[in-house]
Amino acid sequence: MALPLYKYQPLDSGHIRVLTLTSGSNTHDCTGSIQHISLKSRSSLPARFTALSYTWGDQTETFPFNCDGQDLPVRENLKDALRRLSRLELVTTPLWIDAMCINQQDEEEKLVQIQLMTKIYRKAEKVLIWLGDLLPQTISIMKQIPLMVSTLKSCKRTEEALSILSPEFISGTRQILTCSWWPRLWVLQEATLAREAIFVCGPQTISWETLSALAKEISRLNLISTFRGHDRRQVFCDGFNELMNIESVRHTHSIALFPNLLRINRQRICWDARDRVYAIMGLMPSYVRETFTWEPGESVEELYPPFAALMLQSDAFGIVISLNETSQRNSRLPSWCPDLHQRALSDILADHEGYHAGYNVHSTSEFEYDHKYPRTLITKAFMVDTVQKVVDGGFVEVRSAQAKGSEATNADIQPTLEWLQACIMAVPFTNIRDQLWQVFIGEMVGNEKSKLHWLAGFGSIHDRLTKRRWKSEASELKSSFDELVKLLPQAETSNVTRVPSTGTMKLSVSTLLYLEKMRRVSLGRKFFITQKGRVGLGPLLVEPGQAVYILKGVKVPFIFGQVEGQQNTVSLKGEAYVHGLMCGEGLTKGRKFDLVSIV
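In terms of full-length UniProt numbering, the sequence shown opens at residue 1 and continues consecutively.
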């Protein structure tokens, strides 16, 4: 006989639900009972519970679970976890499980409980991380990890460690650190706030500290690529990176984390776009959480702009405004507001060390936001140039060279060569052509004659170090660029190696290095020339007639489009590398910033 569907009882303020498990006589059976407990610190009965972190899995198929004689449907991965946990001696308190302890059909309750997440994970005696029923050999490997950590600590060289590590251990560790739990959005909050975190894999457990120690040794001995293998799909959000990210966040509970948390969380998986905000706010200090509130049923368009404005006002260098370029974009968001639910099109230029286009030692970014005008952001900026010409096409990753080490298929490299050719031919001046090898890799050397070069503060220290490095590397980098130029389909030289349409070609190590540097700066950007003869790399939305602006306190220039009929009102297209403007050269003496409205 089918059980009636579970009916949730309303929660009092500051209360949560917890689940007590009871194992059945059959190893595959368990039941549960839900109680309400208070999170308030002055409660007569202090809350004792364990939080469960897991992957939700398939969003459609559910299985019945007997909770207080009623059917509380759960997904398959959670069903397996409950069955295992009901028999673990480790579980000595009730469990808090988001899918079961929050009424998922009640939007108002969900919002209240999400706002309690920080307190929930901090109050939990421990957080159990369910990785699933992995392969038997992987579960066996978990038993070996503590001893292996001790062994690796005694190793001095990579070769020494490789002689100790078995293929089975490498494969098992890879499965643990690349399983589906790691890419989840909520991983940072769940693991960072935990008093004690324990991984559960089938019947086996291992502490967070032990697995983190293993990851540190793998990194110290330069073994990450060995353990990752050839699967690069989760390279930004696998356990190797996540363990390091969480250790960093654990020790830096500060609003200064905003830009880094945004970058980390954009790679993560979640179903509700609003969770991108909730997950970050849960890691902020209490005084920040109290200043930013949200209401039930708020849309992304209502939630993202004030959140982005708060981040910008807390970001000394305005890096957050560089995050607006994504593969897709919610058209209802203002141009300056990042679509946090979409991945970046390219590496962020503002992340590259050494750029200080809009600041000197005395400058910080300035952004004003009024909730009465939620689509408008006001900043200090000035226009330095206008885009005159944009070259079609762009850099294309040479994936075959990445996979094979030095061989690239001709079909793979041809699009990039054709784009390079078009860029070179578009530049009318020989002296500028001679500098293009620097442009495509975002060379950070500034103009030595810049009037404010001596004011560049910390940036100038970096410039001196950069110039020293540049002098030793410039010849090799330029030679690598020249090697690519010789392959161009219509190169203006007799010393040309024609690239046939089929087959493969061998590239030198230095040329592969140049292509990788080029990927970091040129991928996802278009080459443009300005009215004043400058060249640069801008966003995919860059068009002739748009303006190049420098923003006060911000590291890189930006491309803006003028909003018709509105003076000093612009629409953001994206950040740009502009050769000759990256190190404060545009900050001429006496130059004042204007108030500019971005919509």
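Where a beta carbon is used, it is the ideal one built from N, C-alpha and C, also for glycine. Predicted model, so just to flag it, every value in this text is computed and none were measured.
(message) Out of Lys517, Phe395, Ser480, Val300, which one is the CA nearest neighbour of Ile441?
(response) As a working note, residue 441 is residue 441 in the sequence shown. Ile441 has its Cα closest to that of Lys517, out of Lys517, Phe395, Ser480, Val300.
(request) In the DSSP assignment, find the beta strand (DSSP E) that holds Thr530 and state where it starts and stops. (result) Start at 1 with the first residue of the sequence shown, and residue 530 comes out as number 530. From DSSP, the beta strand (DSSP E) with Thr530 extends over 526 to 530.
(request) Give the DSSP-derived three-state secondary structure of Thr382 in the structure shown. (result) Counting from one through the sequence shown, the residue named residue 382 turns up at place 382. Reading the sequence as shown, one finds Phe at residue 382 and not Thr. Three-state DSSP puts Phe382 in a strand.
(message) Taking DSSP's pairing of strands, which residues face Ile34 in a bridge?
(response) Along the sequence shown, one-based indexing puts residue 34 at 34. The partner list for Ile34 (beta bridge, DSSP) reads Leu19.
(request) Report buried or exposed for Ala51, applying the criterion of at least 16 other Cβ atoms within 10 angstroms of its Cβ. (result) The count along the sequence shown starts at 1 and reaches residue 51 at position 51. With 16 or more other CB atoms across the displayed protein chains lying within 10 angstroms of its CB, Ala51 is buried.
(request) Starting from Asp80, trace the alpha helix (DSSP H) both ways and give me its first and last residue. (result) Counting from 1 along the sequence shown, the entry for residue 80 is found at position 80. From DSSP, the alpha helix (DSSP H) with Asp80 extends over 76 to 85.
(request) Please check the pair Glu325 and Pro539, which I expect to be a contact at CB under 8 Å, by giving their CB distance rounded to whole angstroms. (result) If you number the sequence shown from 1, residue 325 lands on position 325. If you number the sequence shown from 1, residue 539 lands on position 539. Beta-carbon to beta-carbon, Glu325 and Pro539 are separated by about 5 Å, close enough to satisfy the 8 Å threshold.
(message) Which complete alpha helix (DSSP H) runs does the segment 410 to 451 hold, if anything under 4 residues is left out?
(response) 410 to 426, 430 to 433, 436 to 439
(message) Closest to Val288 by C-alpha separation, out of Ala256, Trp130, Pro10, Ile348, would be which residue?
(response) Counting from 1 along the sequence shown, the entry for residue 288 is found at position 288. The residue with the shortest Cα to Cα distance from Val288 is Ala256.
(request) Tell whether a beta-carbon distance below 9 Å holds between Asn77 and Trp56. (result) On the sequence shown, position 77 is the one that residue 77 refers to. On the sequence shown, position 56 is the one that residue 56 refers to. Taking 9 Å as the Cβ cut-off, Asn77 and Trp56 qualify as a contacting pair.
(message) Please report the straight-line C-alpha distance between Ile198 and Leu523, rounded to a whole angstrom.
(response) In the sequence shown, residue 198 corresponds to position 198, counting from 1. In the sequence shown, residue 523 corresponds to position 523, counting from 1. Distance between the alpha carbons of Ile198 and Leu523 is about 40 Å.
(message) Could you compute how far the alpha carbon of Ile102 sits from the alpha carbon of Leu39?
(response) For this step, residue 102 is matched to residue 102 along the sequence shown. For this step, residue 39 is matched to residue 39 along the sequence shown. Cα-Cα distance, rounded: 15 Å.
(request) Please classify Lys341: is it buried, with 16 or more other beta-carbons within 10 angstroms of its beta-carbon, or exposed? (result) Here residue 341 is taken as the residue at index 341 of the sequence shown, counted from 1. Note that residue 341 is His in the sequence shown here, rather than Lys. Buried.
(request) Can you tell me which of the three DSSP states Val548 falls into? (result) The count along the sequence shown starts at 1 and reaches residue 548 at position 548. Strand.
(request) Assign Asp80 to buried or exposed, taking buried as 16 or more other Cβ atoms, counted over all protein chains shown, within 10 Å of its Cβ. (result) Reading the sequence shown from its first residue, position 80 is the one you call residue 80. Buried: at least 16 other Cβ atoms inside 10 Å.
(message) At the level of alpha carbons, what is the spacing between Tyr355 and Trp271?
(response) Position 355 of the sequence shown, counted from the first residue, corresponds to residue 355. Position 271 of the sequence shown, counted from the first residue, corresponds to residue 271. Each residue's alpha carbon lies about 36 Å from the other.
(message) Just to confirm before moving on: does the CB-CB distance between Ala309 and Leu377 stay below 9 Å?
(response) Residue 309 sits at position 309 when you count from the first residue of the sequence shown. Residue 377 sits at position 377 when you count from the first residue of the sequence shown. Yes, the Cβ-Cβ distance between Ala309 and Leu377 is below 9 Å.
(message) Short of 8 Å in beta carbon distance, which residues of its chain neighbour Asp238, apart from the five on each side in sequence? Order them along the chain.
(response) Position 238 of the sequence shown, counted from the start, is the residue given in the question as residue 238. Listed in chain order, the non-local C-beta contacts of Asp238 below 8 Å within the same chain comprise Leu177, Thr178, Trp182, Pro183, Arg228, local neighbours out to five positions each way being set aside.
(request) For Val542, collect the residues of the same chain with a Cβ closer than 7 Å to its Cβ; drop the 5 residues on either side in sequence, then sort them by chain order. (result) The sequence position of residue 542 within the sequence shown is 542, counting from 1. Only Val387, Val390, Lys526, Phe528, Ile559, Lys573 meet the Cβ criterion.
(request) Express the C-alpha separation of Arg263 and Glu89 in angstroms, rounding to a whole number. (result) Taking the first residue of the sequence shown as position 1, residue 89 is located at position 89. Taking the first residue of the sequence shown as position 1, residue 263 is located at position 263. Approximately 38 Å, taken between the alpha carbons.
(request) Entirely within the segment 273 to 322 and at least 3 residues each: give me those beta strand (DSSP E) ranges in chain order. (result) Listed in chain order, nothing qualifies, since the segment 273 to 322 has no complete beta strand (DSSP E) run of 3 or more residues.
(request) Ignore the nearest five residues each way along the sequence and tell me which others in Pro415's own chain have a CB closer than 6 Å to its CB. (result) In the sequence shown, residue 415 corresponds to position 415, counting from 1. So the list reads Val396, once near-sequence residues are dropped.
(message) Using only CA atoms, which one of Asp385, Ser154, Ala191, Met117 lies nearest to Met244?
(response) The residue labelled residue 244 in the question sits at position 244 within the sequence shown. Nearest option by C-alpha distance: Ala191.
(request) Tell me whether Gly239 sits in a helix, a strand or coil according to DSSP, three-state version. (result) Numbered from its first residue, the sequence shown carries residue 239 at position 239. Reduced to three states, the DSSP call for Gly239 is helix.
(request) Use the C-beta contact count for Arg195: other C-beta atoms within 10 angstroms, 16 or more gives buried, fewer gives exposed. (result) The residue labelled residue 195 in the question sits at position 195 within the sequence shown. Counting of Cβ neighbours within 10 angstroms places Arg195 among the exposed residues, the total staying below 16.
(message) Which same chain residues end up closer than 8 Å to Thr210 when comparing Cβ atoms and leaving out the 5 residues on each side of it in sequence?
(response) Locating residue 210 in the sequence shown gives position 210, where the first residue counts as 1. So the qualifying residues of the chain are Ile145, Pro146, Val149.
(request) Could you check if Leu188 is buried or exposed, using at least 16 other CB atoms within 10 Å of its CB as the buried criterion? (result) The residue labelled residue 188 in the question sits at position 188 within the sequence shown. Buried, by the Cβ-count rule.
(message) Check whether the segment 114 to 129 and the segment 295 to 313 touch, using three or more Cβ-Cβ pairs below 8 Å as the test.
(response) no
(request) Per DSSP, which residues does Met505 bridge with? Please list them. (result) Counted from its first residue, the sequence shown places residue 505 at position 505. Per DSSP, Ala408.
(request) Figure out for me which residue from Ala2, Leu551, Gln567 has the closest Cα to the Cα of Lys592. (result) By 1-based counting over the sequence shown, the position of residue 592 is 592. For the residues Ala2, Leu551, Gln567, the minimum Cα distance to Lys592 belongs to Leu551.
(request) Excluding the 5 residues preceding and the 5 following Met284 in the sequence, name in chain order all residues of the same chain whose CB lies nearer than 7 Å to its CB. (result) Looking up residue 284 in the sequence shown gives position 284. Excluding sequence positions up to five before and after Met284, its CB lies within less than 7 Å of the CB of Ile255, all in the same chain and listed in chain order.
(message) Counting C-beta neighbours from all protein chains within 10 Å, is the total for Arg87 16 or more, i.e. buried, or is it exposed?
(response) Taking the sequence shown and counting its residues from 1, the one referred to as residue 87 is at position 87. With fewer than 16 Cβ atoms within 10 Å of its Cβ, Arg87 is classed as exposed.
(request) Determine contact between the segment 572 to 588 and the segment 342 to 354, defined as no fewer than three beta-carbon pairs at a distance below 8 Å. (result) yes
(message) Taking only three categories from DSSP, how would you classify Ser494?
(response) Along the sequence shown, one-based indexing puts residue 494 at 494. Residue placement at Ser494 is poorly supported in this model, since its pLDDT is 46, which falls under 50; the coordinates still yield a value, given next. Note: Ser494 maps to coil in three-state DSSP.
(request) Taking all protein chains shown into account, decide if Gln113 is buried (16 or more other Cβ within 10 angstroms of its Cβ) or exposed. (result) Looking up residue 113 in the sequence shown gives position 113. With 16 or more other Cβ atoms within 10 Å, it is buried.
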